[in-house]
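Working notes, beginning with the structure itself.
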Amino acid sequence: MKIICIGRNYVEHIHELQNAIPEDPVVFMKPPSALLVGDKPFYYPDFTQDLHYEGEIVLKVCKNGRHVQPEFAHEYYNEIAFGIDFTARDIQAKCKAKGLPWEIAKGFDGSAVLSDFVSIDQVPDIKAIEFELHKNGQAVQKGNSSMVLFNFEAIIVYVSKFFKLQMGDMIYTGTPAGVGPVQIGDKLEGFITLKGGGKQFLTCEVK
Ligand code: MG
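For the sequence shown, the working numbering begins at 915 and goes up steadily by one.
Here's what the structure looks like:
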């Protein structure tokens, strides 16, 4: 199982971190040991002083494939979840400044928080999925998947040129504006809006 992540996919988030608009999707990975499921608490790592949340929609790959063509890309995922791509922003900034890979800032244990998956049939509009992240009861991120540079199909086409997609792989599809720091004691709650006003929830307490 791979955890594939897309960076810099929402324009307002690119601007808030003062990054350039990418020509192709920015791809990185987290190892399976990064996964944190079941609303378990997240333990603030001692190697960072600037841990950020990034609320994201996560796809679950349901079919093996490489070099997926655009017209078939929609067949490669059938479930979504709410995820948090925890990022050690201070370490990432150091890596970026030196032109080095980000792995230690992005792929550490527990950095890929994930809700249960729900069928894409449960969302009102697969091309405009609404999701929010709240910190201590306050909305800090409000996203809509229609606002991306690279939609789910474009991501699948691009990623599968380099990495064989395998059933069970997960794809974090990028975060909207509003990322920010968390402290020990904070409670994060994310959700995706479902048909009929239901919500697919994630809860994560930082300890
Ligand atoms: Mg992210």
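In this text, a Cβ means the ideal position worked out from N, Cα and C, and glycines have one as well.
### Message
What does the alpha-carbon distance come out to for the pair Ile998 and Val1027?
### Response
5 Å
### Message
Would you say the beta carbon of Asp999 is closer than 7 Å to some non-hydrogen atom of ligand 3?
### Response
Only ligand 1 can be found as ligands here, which leaves ligand 3 out of the picture.
### Query
Considering only residues of the stretch 993-1031, which uninterrupted beta strand (DSSP E) runs meet the minimum length of 3 residues and lie entirely inside it, listed in chain order?
1026-1028
### Query
Are Phe1076 and Pro939 touching if we call contact CB-CB under 8 Å?
No.
### Query
ligand 1 heavy atoms versus the CB of Cys1009: any closer than 7 Å?
Cys1009 Cβ: outside cutoff for every heavy atom of ligand 1.
### Task
Kindly list the residues whose CB is nearer than 8 Å to the CB of Ser1033, restricted to its own chain and excluding five residues on each side of it in sequence; keep chain order.
Asn992, Glu993
### Query
According to DSSP, what are the bridge partners of Met943?
Ile918
#### Entry: Cβ shell of Glu930 (< 6 Å), same chain only, five flanking positions each side left out
Ala1091
### Message
Can you tell me whether Tyr1086 sits near ligand 1, meaning its C-beta is under 7 Å from at least one heavy atom of the ligand?
### Response
yes
### Query
Would you say the stretch 967-986 touches the stretch 1077-1087, given that touching needs at least three Cβ pairs under 8 Å?
yes
### Query
Less than 8 Å separating the beta-carbons of Asp1023 and Asp964?
no
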